[in-house]
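In my numbering, the protein residues as written are 128 to 453.
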Ligand code: UDP
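Here's what the structure looks like:
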């Protein structure tokens, strides 16, 4: 029988790359999405069921397309700054929505989930690189909402035998090599798409949120990881869950931090265009530096990122931004 995975949020940026990966590896993705931020045009690799995690009854239609060997859960509100302004919306979507999803999984006998978590669960780092044992002290509601779900998954493993892998992404970036899907948010808040928009010369100027951070050049440092390398980790998590009970978590990054100014320079090199920018005030909720230690994912999952070079990551995003399909 065909293997099937329910990809919640599969019309979004990371979810659509995951659906593509699954289809390419012989597993049928069924996409559940409310299209609030996702794109119908990004659902190209399996059927779409329009459903909303905040409407539990709507979830049953998606589960009726099973049986599913697992759920991959990419649905979330994920903007740090917005989460500071609208915390209740974040807790509602990210926590209540996930509880509804887990209850739907119970109703339909699905006992495995890969959960999109985030580096934001850690808050301000107390070490140069962040491994899984780093203290978890989120400094914004987005990170707090994801950490709450990690706790729920641990409790559900204990009580019901739910198997889970939480993957804590650092900064997802890049696009599919053949240019059919890529990152498209409205409004766009993420650094690399905004840098590339400014490079395209559409009249926008990048705002650099603060140049007085305690970093080498004063701008924030992040660990950028290619979206297909994230997809690879989810794929490996399926096998891992088949062999291991319990709730597990892994950090996913390349282990190298780049400042906003370094990203601008890499984008100028990748695109051959200048990036006009202005220094703006710091953005609420941002930590200064976030860099992953991903040894556990490499050792335990066998994860091996294939697109670690920042300029190559940005070049893949540049190809998409020059010719977006949606
Ligand atoms: N950033 C920026 N200008 C932008 C968007 C982001 O200076 O237009 C900075 C932001 O303050 C952070 C880094 O770039 O330090 C990465 O932000 P992004 O929103 O891409 O990801 P996050 O780290 O919030 O998940």
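Every residue, glycine too, gets a C-beta built ideally from N, C-alpha and C.
Bear in mind the structure is a predicted one, so any value in this text is a computation, not a measurement.
Name the one or two DSSP bridge partners that residue i has.
| i | result |
| --- | --- |
| residue 199 | 134 and 241 |
| residue 298 | 351 |
| residue 149 | Paired residues: none, contrary to the question. |
| residue 378 | 295 |
| residue 404 | 333 |
| residue 290 | 239 |
| residue 417 | 349 |
| residue 386 | 348 |
| residue 257 | 419 |
In terms of residues, what are the limits of the alpha helix (DSSP H) holding residue i?
| i | result |
| --- | --- |
| residue 361 | 354-370 |
| residue 437 | 437-449 |
| residue 190 | 183-190 |
| residue 427 | No alpha helix (DSSP H) contains residue 427, which DSSP labels as neither H nor E. |
| residue 159 | Where residue 159 is concerned, there is no enclosing alpha helix (DSSP H), although the beta strand (DSSP E) it sits in stretches over 154-160. |
| residue 171 | Per DSSP, residue 171 belongs to no alpha helix (DSSP H) and is neither H nor E. |
| residue 315 | Careful: residue 315 lies outside any alpha helix (DSSP H) and carries neither H nor E. |
| residue 234 | 224-234 |
| residue 303 | It is not in any alpha helix (DSSP H) - residue 303 carries neither H nor E in the DSSP assignment. |
| residue 208 | 207-212 |
Is it the case that the Cβ atoms of residue i and residue j are separated by a distance below 7 Å?
| i | j | result |
| --- | --- | --- |
| residue 292 | residue 247 | no |
| residue 269 | residue 207 | yes |
| residue 280 | residue 374 | yes |
| residue 199 | residue 145 | yes |
| residue 451 | residue 299 | no |
| residue 169 | residue 143 | yes |
| residue 350 | residue 253 | no |
| residue 237 | residue 195 | yes |
| residue 266 | residue 288 | no |
| residue 356 | residue 432 | yes |
| residue 398 | residue 326 | yes |
| residue 211 | residue 420 | no |
| residue 173 | residue 155 | yes |
| residue 176 | residue 149 | no |
| residue 453 | residue 166 | yes |
| residue 171 | residue 239 | no |
| residue 353 | residue 434 | yes |
| residue 407 | residue 336 | yes |
| residue 294 | residue 367 | no |
| residue 259 | residue 376 | yes |
| residue 388 | residue 344 | yes |
If you drop the 5 nearest sequence neighbours on each side, which residues of the same chain put their C-beta closer than 8 Å to that of residue i?
| i | result |
| --- | --- |
| residue 393 | 385, 437, 438 and 441 |
| residue 230 | 183 |
| residue 382 | 256, 350, 418, 419, 420 and 421 |
| residue 264 | 249, 250 and 251 |
| residue 449 | 327 |
| residue 226 | 279 |
| residue 282 | none |
Among residues of its own chain, excluding the 5 on either side of residue i, which ones have a beta-carbon nearer than 7 Å to its beta-carbon?
| i | result |
| --- | --- |
| residue 322 | 333, 390, 391, 394 and 402 |
| residue 275 | 222 |
| residue 179 | 161 and 185 |
| residue 396 | 438 |
| residue 224 | 180, 181 and 202 |
| residue 379 | 294, 295, 296, 297, 352, 357, 360, 419, 421 and 424 |
| residue 188 | 176 and 178 |
| residue 164 | 139 and 312 |
| residue 205 | 269 |
| residue 318 | 387 and 390 |
With respect to the beta strand (DSSP E) encompassing residue i, which residues constitute its N-terminal and C-terminal limits?
| i | result |
| --- | --- |
| residue 334 | 333-336 |
| residue 175 | 175-177 |
Tell me which residues share the same chain as residue i and place their Cβ nearer than 6 Å to its Cβ, disregarding the 5 neighbours each side in the sequence.
| i | result |
| --- | --- |
| residue 203 | 221 |
| residue 446 | 306 |
| residue 272 | 217, 218, 221 and 222 |
| residue 467 | The structure shown has nothing for residue 467, since the chain only spans 128 to 453. |
| residue 192 | 157 |
| residue 241 | 199, 292, 361 and 364 |
Return yes when at least one heavy atom of the ligand FAD lies under 6 Å from the C-beta of residue i, else no.
| i | result |
| --- | --- |
| residue 263 | Ligands present in the displayed structure are limited to the ligand UDP, and the ligand FAD is not among them. |
Check whether chain B comes within 7 Å of residue i, counting only Cβ atoms and requiring the distance to be less than that.
| i | result |
| --- | --- |
| residue 288 | No chain B appears in this structure, which consists of one protein chain only. |
Strictly closer than 6 Å from CB to any heavy atom of the ligand UDP: give me those residues in the order they appear in the chain.
After applying the 6 Å Cβ criterion, the set is 207, 298, 316, 317, 318, 321, 333, 334, 335, 336, 347, 349, 387, 410 and 413.
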